[in-house]
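*Asks:* Take the sequence shown: its position 515, counting from 1, is numbered 512 in the working numbering, and each next residue is one higher.
Glycine included, every Cβ here is placed at the ideal spot set by N, Cα and C.
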Amino acid sequence: MKNNKIVIYIGLVATGLLLGWLLFSGSSKQEKVHNHDEVAETNQMWTCSMHPQIMQPEPGDCPICGMDLIPAEAGADGLLADQFKLTENAMALANIQTTVVGKDLTADGIVKLSGKIVENEETNVVQVSYFSGRIERLNISFTGEKVRKGQLLASIYSPELYAAQQELITAASLKESQPTLYKAVRNKLKLWKLSENQINQIETSGKVIENFPVHATVSGTVTKKLVEQGDYIKQGQALFNITNLNTVWANFDVYENQIEQFKKGQEINVISNAYPNKDFKGKVDFIDPVLNTNTRTIDLRVVLNNKEALFKPGMFVTAEIKSGKANSNETITIPASAVLWTGERSVVYIKTSPNEPVFELKEVTLGSKIGANYEVLEGLSSGDEIVTNGTFTVDAAAQLQGKKSMMNKHGGKTMTGHEGHSGMEKNNSSTENERSGINKRVTVSEKFQEQLKAVFNDYIKLKDALVKDDSEGSSKTASSLLSSLSRVDMKLLKGEAHNHWMSLMKEIKPSAMSVSKTSDINEQRNHFKHLTTQLITAVQLFGVNEKVYVEFCPMADNNNGAYWLSREKKVVNPYFGSAMITCGEVKQVIE
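(1) Excluding the 5 residues flanking Phe277 on each side, which residues of the same chain have their C-beta closer than 7 Å to its C-beta?
(2) Quick one: Cα of Leu482 to Cα of Tyr456, how far?
(3) Any heavy atom of the ligand COA within a distance shorter than 8 Å of the CB on His524?
(4) Taking the alpha-carbon positions, what's the Leu83 to Thr390 distance?
(5) CA-CA distance, Ser516 and Arg564?
(6) For the segment 183 to 260, which segments carrying the beta strand (DSSP E) assignment without a break, of at least 3 residues, lie completely within its bounds, in sequence order?
(7) Using three-state DSSP, classify Thr428 as helix, strand or coil.
(8) Just how far apart, CA to CA, sit Leu459 and Asp285?
(9) Look at the alpha carbon of Lys319 and the alpha carbon of Asn243, and state the distance between them as a whole number of angstroms.
(10) Pull the bridge partners of Asn121 from the DSSP assignment, please.
(11) On the criterion of 16 or more Cβ atoms from any shown chain inside 10 Å, does Ala306 qualify as buried, or is it exposed?
(12) Would the beta-carbon of Phe237 fall within 9 Å of that of Gln124?
(13) Assign Ala559 to buried or exposed, taking buried as 16 or more other Cβ atoms, counted over all protein chains shown, within 10 Å of its Cβ.
(14) Check this for me: beta carbons of Met403 and Leu374, under 9 Å apart or not?
(15) So Leu459 is in the alpha helix (DSSP H); what residue range does that whole segment cover?
(16) Rounded to whole angstroms, what's the CA-CA distance from Lys400 to Ala393? Just pull it up for me.
(17) Could you pull out every residue in the same chain whose Cβ sits closer than 7 Å to the Cβ of Ser22, ignoring the five residues on either side in sequence?
(18) Give the straight-line distance between the Cα atoms of Thr362 and Val355, rounded to the nearest whole angstrom.
(19) Using the beta-carbon count (16 or more within 10 Å), is Glu372 buried or exposed?
(20) Here's a check: name, in chain order, each residue in its chain whose Cβ is nearer than 6 Å to the Cβ of Lys146, leaving out the five neighbours to either side.
(21) By Cβ distance below 6 Å, which residues in the same chain neighbour Val122 in space, the five residues on each side in sequence not counted?
(22) Please confirm whether Val182 and Glu164 have their CB atoms less than 9 Å apart.
(23) Just the Cα atoms here: how many angstroms apart are Gly364 and His527?
(24) Using 8 Å for Cβ pairs, my map puts Arg134 next to Gln226. What's the rounded Cβ distance?
(25) In this structure, does DSSP put Val391 in helix, strand or coil?
(26) Would the beta-carbon of Ser472 fall within 9 Å of that of Trp338?
(27) Pick out whichever of Ile153, Phe445, Thr579, Pro210 has its Cα sitting closest to the Cα of Asn542.
(28) How far does the alpha helix (DSSP H) with Tyr127 in it reach, from first residue to last?
(29) Whether or not the segment 562 to 576 and the segment 476 to 495 are in contact is what I'm after, with contact meaning three or more pairs of Cβ atoms, one per stretch, closer than 8 Å; do they touch?
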């Protein structure tokens, strides 16, 4: 009986202890949670979505632009110094996509090169006039016209040749008594490339030829027409460039780390987008002994038979060539959309966590471009996951959070000019719709339109410099555009207009800066494409008080297509310059 009472007492004590633990531990937990919230609330900082360098311990207005401050993001525990995290909502709005990097295995060590068809310089002939005078008749009407050797190209009236013919007729009557004079006059005419038959005809007939003919010295195609009918020309002045296009050159870029893989005489397979079902065989004819220090490439040349006139100078082609280097068939390639250029370095963004949207900037060294991909020489390993869509949005987020970014090599808070995360990323994903004319005009002051027009004027100058293949002029005008951009007063904009402009600034400024910092015309054109995309949206939204043409070339950016803005309906292509200056069409007119 006594033992039963002891068991009951022990059971009651245990039950009491259990109930007490349950009650007081819950209270303690609630107190801890309450205290945690209190601490979090106490440590909350407030920032401006446009100016992330502003940090204040309480809500209010931004001292720079006057916008309401928003809660600053809490520190991301467990992340390294250069890493940053995006929300799932931001990832979805900006349509950020990633791809796992792998090795590109090409069969039997085949290396792919990108190149361009050009005229065979060995067949180029400059047709000149051997005497001065006035072009009385021009028999060549247009560039691209075919001529044959001996064909009449032009008729020229030359006062000095007219006088020389009269001297010949006079000297012919004195050739028995003045043989030296007679011979000197004949030799003088020969210096002007008159043939023996022509000289004999003048001497026999005793008549002076007023308009002297100029005949083609070779057969071929007129690639440049340098004069017009009625022009006065000097002795030795060029009239036409004539090229025999029965053979053409295919010039390919080879990076310095690939040079040892190639040698003269190697067989090569050339492929053209114009003839996707045809392969053209050739051999390496020439490897340039001098390296281009700007692009770090050399020229590799192939001579192609073109008797069927399939190849046109200016065409883009690719080549497949068997590498002479062991194990050269394994290369890492990434999509071109993943790469951001600053003019001095190439960067990508790596997704460092497989299950969370955590990113980090990575500098890479690129090799040759293979279609829509780049070969990666250094910086990435097989298995790395990189951002391939929405790269600019991720870069903007890095700038906002003070991490390393495209234009901020060392990280730290900088004045980026970006708007808040969600609005910024949403705008980036809708660029394509905006360019198609879905944007509605936002009402802004005339003063703001004038400031935007100054930016637009510099953009047109930049476009014109690219048309002229003037890399130095492009760099200078891009710097001028940046100055005009800095003079735009964002306080003139309110509400939605303010948000739109700051969103556009995040793309316009780094793109213009990249153009200004490089002398490589190809890189300048690539950044110009990104700059144009945002400026089209700006002109659509705010207007510049004049008619603007949106023009498009489907062959630009390696056949991906690219837009540009123009004041004129006439197409003058900034992406190809003199190579294909008229390639493109008007897609939209912004009033």
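*Replies:* Taking the structure as given:
(1) Taking the sequence shown and counting its residues from 1, the one referred to as residue 277 is at position 280. Excluding residues within five positions, the ones whose Cβ falls inside 7 Å are Val267, Leu301.
(2) Position 485 of the sequence shown holds residue 482. Position 459 of the sequence shown holds residue 456. For Leu482 and Tyr456, the distance between alpha carbons rounds to 11 Å.
(3) Looking at this structure, you won't find the ligand COA or any other ligand, since it has none at all.
(4) Mapped onto the sequence shown, residue 83 falls at position 86. Mapped onto the sequence shown, residue 390 falls at position 393. Going by C-alpha positions, Leu83 is about 10 Å away from Thr390.
(5) In the sequence shown, counting from the first residue as 1, residue 516 sits at position 519. In the sequence shown, counting from the first residue as 1, residue 564 sits at position 567. About 26 Å.
(6) 208 to 212, 217 to 222, 235 to 240, 244 to 252
(7) On the sequence shown, residue 428 is found 431 positions in, with the first residue counted as 1. Caution is warranted here: a pLDDT of 37 is assigned to Thr428, below 50, making its placement in the model unreliable, and no coordinate value can be reported.
(8) Within the sequence shown, the letter at position 462 stands for residue 459. Within the sequence shown, the letter at position 288 stands for residue 285. In this structure, the straight-line span from the alpha carbon of Leu459 to that of Asp285 is close to 32 Å.
(9) Locating residue 319 in the sequence shown gives position 322, counting from the first residue. Locating residue 243 in the sequence shown gives position 246, counting from the first residue. If I take the Cα positions, the gap works out to 27 Å.
(10) Position 124 of the sequence shown, counting from 1, holds the residue named residue 121. In the DSSP output, where bridge partners are listed per residue, Asn121 has Thr240.
(11) Position 309 of the sequence shown holds residue 306. When all chains shown are included, Ala306 counts as exposed.
(12) For the purposes of this step, residue 237 is taken as the residue at position 240 of the sequence shown. For the purposes of this step, residue 124 is taken as the residue at position 127 of the sequence shown. With contacts defined as CB atoms closer than 9 Å, Phe237 and Gln124 qualify as a contacting pair.
(13) Translated into the one-based positions of the sequence shown, residue 559 becomes position 562. In summary, Ala559 is buried, with 16 or more beta-carbon neighbours lying within 10 Å of its beta-carbon over all protein chains present.
(14) As a working note, residue 403 is residue 406 in the sequence shown. As a working note, residue 374 is residue 377 in the sequence shown. In this structure, Leu374 does not lie closer than 9 Å to Met403 by Cβ.
(15) Against the sequence shown, residue 459 aligns to sequence position 462. It spans 443 to 464 - the alpha helix (DSSP H) in which Leu459 sits, taken as one unbroken run.
(16) One-based indexing of the sequence shown puts residue 400 at position 403. One-based indexing of the sequence shown puts residue 393 at position 396. Answer to the nearest angstrom: the Cα atoms are 10 Å apart.
(17) Numbered from 1 along the sequence shown, position 25 holds the residue referred to as residue 22. At Ser22, the pLDDT of 45 sits below 50, so the modelled position is not reliable; the number obtained from the coordinates is stated separately. Excluding residues within five positions, none has a Cβ falling inside 7 Å.
(18) Counting from one through the sequence shown, the residue named residue 362 turns up at place 365. Counting from one through the sequence shown, the residue named residue 355 turns up at place 358. A direct Cα-to-Cα measurement between Thr362 and Val355 gives close to 23 Å.
(19) Looking up residue 372 in the sequence shown gives position 375. When all chains shown are included, Glu372 counts as buried.
(20) Taking the sequence shown and counting its residues from 1, one reaches residue 146 at position 149. The answer, listed in chain order, is Ala213, Val215, Ser216.
(21) Here residue 122 corresponds to residue number 125 of the sequence shown, with the count starting at 1. Same-chain partners within the cutoff: Val215, Ile239.
(22) The residue labelled residue 182 in the question sits at position 185 within the sequence shown. The residue labelled residue 164 in the question sits at position 167 within the sequence shown. Yes, these two residues count as a Cβ contact at 9 Å.
(23) Residue numbering aside, residue 364 sits at position 367 when the sequence shown is read from its first letter. Residue numbering aside, residue 527 sits at position 530 when the sequence shown is read from its first letter. Roughly 22 Å separates the two Cα atoms.
(24) Position 137 of the sequence shown holds residue 134. Position 229 of the sequence shown holds residue 226. Rounded, the Cβ-Cβ distance is 6 Å, consistent with contact.
(25) Stepping through the sequence shown from its first residue, residue 391 is reached at position 394. If DSSP states are grouped into helix, strand and coil, Val391 belongs with the helices.
(26) In the sequence shown, residue 472 corresponds to position 475, counting from 1. In the sequence shown, residue 338 corresponds to position 341, counting from 1. At the C-beta level, Ser472 and Trp338 stay beyond 9 Å of one another.
(27) The sequence position of residue 542 within the sequence shown is 545, counting from 1. Ranking the options by Cα distance to Asn542, first place goes to Phe445.
(28) Here residue 127 corresponds to residue number 130 of the sequence shown, with the count starting at 1. Unbroken run through Tyr127: none, as it is neither H nor E.
(29) no
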